[in-house]
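In our numbering, the protein residues as written are 346 to 548.
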């Protein structure tokens, strides 16, 4: 009985909170190769980017360090991956900041893009506390010879993403907003520096 009780206690205290490398290489790539090889009850197959976050099952939001995150495998058609907005029934997910590279041993294995959810129509929606991080594979790394001969696998590598959605509290929201502003400012400064360098080189 003690062994069973200890096992139940362990499962109850288990926190599903994978890092970026695990999100890309273990879960997302494993899912693309074979759903059976990457079975995880914490991650569901849902077109989360098409849904308002408040209609998703609340029981899904039990993951992460603060027990406020949900994880979903989603398929997005290629052209939509290039957009910065994901439209839903009552609002939209809007990308912010620069796309982040996910590195492993100095190799870019994937990318992460952050989104905020707004109610209403773009670009004049009302901000909410819902945020999403969308992870996708780097095709140049995972499109090996095998994938190039398998069109279905190639399509999955290019269109499947792993999303983490959570509702942040006011303290997190403030930090989150400041971080977003800093990211945008840094991006602008870098672009200006590049243009200045190009102008000086030309002259």
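The C-beta atom is built at its ideal place from N, Cα and C for all residues, glycine as well.
Locate the alpha helix (DSSP H) running through residue 375, then write down its first and last residues.
-> The residue you call residue 375 lines up with position 30 of the chain shown. Element bounds for residue 375: 374-378.
Around the Cβ of residue 509, are there at least 16 other Cβ atoms within 10 angstroms (buried) or fewer (exposed)?
-> Position 164 of the chain shown, counted from the start, is the residue given in the question as residue 509. So residue 509 counts as buried.
For residue 504, which option in 465, 374, 402 and 363 has the closest C-alpha, if you only look at C-alpha atoms?
-> Residue mapping note: residue 504 aligns to position 159 of the chain shown, counting from 1. Nearest C-alpha to residue 504: 374.
Determine which residues share a DSSP beta bridge with residue 390 and list them.
-> Translated into positions along the chain shown, residue 390 becomes position 45. According to DSSP, which records beta bridges pairwise, residue 390 is partnered with 418.
Neighbour-count burial assignment, residue 412, 16 or more Cβ in a 10 Å radius | Indexing the chain shown from 1 puts residue 412 at position 67. The residue is exposed, with fewer than 16 neighbouring Cβ atoms inside 10 Å.
Could you tell me the distance, in whole angstroms, from the CA atom of residue 553 to the CA atom of residue 454?
-> Given a span of 346 to 548 for the chain in the structure shown, any question on residue 553 remains unanswerable.
Figure out for me which residue from 364, 362, 363 and 377 has the closest Cα to the Cα of residue 483.
-> In the chain shown, residue 483 corresponds to position 138, counting from 1. The candidate whose alpha carbon is nearest that of residue 483 is 377.
Helix, strand or coil at residue 444 according to DSSP, with G and I counted as helix = On the chain shown, residue 444 is found 99 positions in, with the first residue counted as 1. Of the three classes helix, strand and coil, the one that applies to residue 444 here is strand, per DSSP.
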